[in-house]
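To start, the structure under review is shown below, and the notes come after it.
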Amino acid sequence: MAQSETARWGKVPEITLGFWIIKIAATTLGETGGDALSMSVDLGYLASSAIFLGLFVICVAAQIRARRFRPFLYWLVIVATTTAGTTMADFSDRSLGIGYVGGSLLLLALVAAVLALWWWREGSVSVSQITTPRVESFYWATILFSNTLGTALGDFAADSGGLGYEGGALVFSAAILLVVLAWRFTRLSPTLLFWAAFILTRPLGATLGDLLTKPTDDGGFDLNRFLASGLIAAFIVLCVVLLPQRAGRHPGAQEASSF
5 MAQSETARWG
15 KVPEITLGFW
25 IIKIAATTLG
35 ETGGDALSMS
45 VDLGYLASSA
55 IFLGLFVICV
65 AAQIRARRFR
75 PFLYWLVIVA
85 TTTAGTTMAD
95 FSDRSLGIGY
105 VGGSLLLLAL
115 VAAVLALWWW
125 REGSVSVSQI
135 TTPRVESFYW
145 ATILFSNTLG
155 TALGDFAADS
165 GGLGYEGGAL
175 VFSAAILLVV
185 LAWRFTRLSP
195 TLLFWAAFIL
205 TRPLGATLGD
215 LLTKPTDDGG
225 FDLNRFLASG
235 LIAAFIVLCV
245 VLLPQRAGRH
255 PGAQEASSF
């Protein structure tokens with residue numbers, strides 16, 4: 005693909021409505037898929053996290069080595085981060101015994117640390133400037149920890165917060181709507197708003213996944229986790245095929261970067 009001196013094509017998708025639809029579906033699949041392995045198969049949170057992190061490492065290595073944007077590979081990495089995020093968050097919240105608040109604070113600190121290091125090394129954390137393997141590594145590390153944080157937030161809202169799965173989904177949907185309105189009507193940093201929305205879609209997916217698969221006595225629909233995961237995966241594949249999947253365009257190296 006030809007590149008001009010002032011603009012090049014990135015390896016991440018253009019941020020469109022289709023991107024967010026697939027992202028929410030991927031986070032929901034992360035919840036049902038992660039719980040299927042850790043709970044239904046009963047491997048536990050630690051062993052499941054090790055398996056999903058191994059899958060993530062393999063997929064992200066392939067993504068970084070790829071010379072151009074490949075939609076199915078990109079979304080496979082996203083799903084790997086959401087499944088790993090589910091089991092990692094459950095391990096930190098439950099197995100480590102620090103609770104949802106402690107787990108959320110720990111994961112928030114990790115997200116902030118990765119973003120701060122990214123900013124310090126590159127001068128920007130904008131997703132419109134994913135131009136080198138190092139920047140892409142920062143990008144995927146941020147996504148992994150943000151999806152893990154989102155899982156902890158979703159569990160906290162639904163369980164400790166007393167909102168239940170439907171209430172949690174409504175709250176996080178409203179929060180995402182506020183981010184959209186801020187993007188549309190304010191001059192807040194688009195990069196800041198992107199990462200806010202990216203983090204908030206994860207607890208939305210977590211509550212939706214739990215709503216589908218938890219027992220009816222706990223407020224869920226009691227769907228089989230493997231069946232739910234298969235249906236959501238099929239929906240994602242359909243979306244990737246039917247919805248526009250263009251590589252995001254970013255400014256060239258000569259253009260000033262922004263937050």
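Numbering (this note's numbering) for the sequence shown: 5 to 263.
For each residue, glycine too, the CB sits at the ideal point set by N, CA and C.
TODO: Would you mind stating whether K15 and R98 have Cβ atoms separated by less than 8 Å?
DONE: no
- [ ] Find the nearest neighbour of R125 within the set A210, P248, L109 and Y143, judged by alpha-carbon distance.
- [x] Y143
Task: Local conformation of P207 per DSSP, three classes - done: helix
Open item on the list: Quick check on the burial criterion: 16 or more other C-beta atoms within 10 angstroms. Buried or exposed for A161?
Closed with: Here A161 is buried, its C-beta having at least 16 other C-beta atoms within 10 Å.
Open item on the list: Is it buried or exposed, G37, if we count other Cβ atoms within 10 angstroms and call 16 or more buried?
Closed with: buried
- [ ] Spell out the partners DSSP gives P17 in its beta bridges.
- [x] A251
Open item on the list: Just verifying my parser: in three-state terms, what is the DSSP assignment at S193?
Closed with: coil
TODO: Using three-state DSSP, classify D221 as helix, strand or coil.
DONE: Correct three-state label for D221: helix.
- [ ] Over the uninterrupted alpha helix (DSSP H) stretch that includes F271, give me the two end residues.
- [x] Nothing about residue 271 can be reported from this structure: the residues present for the chain run from 5 to 263 only.
TODO: Identify, in the order they occur along the chain, each residue of the same chain with its Cβ nearer than 7 Å to the Cβ of G107, setting aside the five sequence neighbours on each side.
DONE: When the five nearest sequence neighbours on each side are left out, the beta carbons in the same chain lying within less than 7 Å of the beta carbon of G107 are those of A93, S96, D97 and A156, in order along the chain.
Task: Beta-carbon proximity check, L112 vs L153, cutoff 8 Å - done: yes
TODO: Drop a sphere of 10 angstroms on the beta-carbon of Q249, count the other beta-carbons inside from all chains shown, and report buried for 16 or more, exposed for fewer.
DONE: buried
Open item on the list: At the level of alpha carbons, what is the spacing between S164 and A210?
Closed with: Straight-line Cα distance between these residues: approximately 14 Å.
TODO: Express the C-alpha separation of G34 and Q67 in angstroms, rounding to a whole number.
DONE: 19 Å
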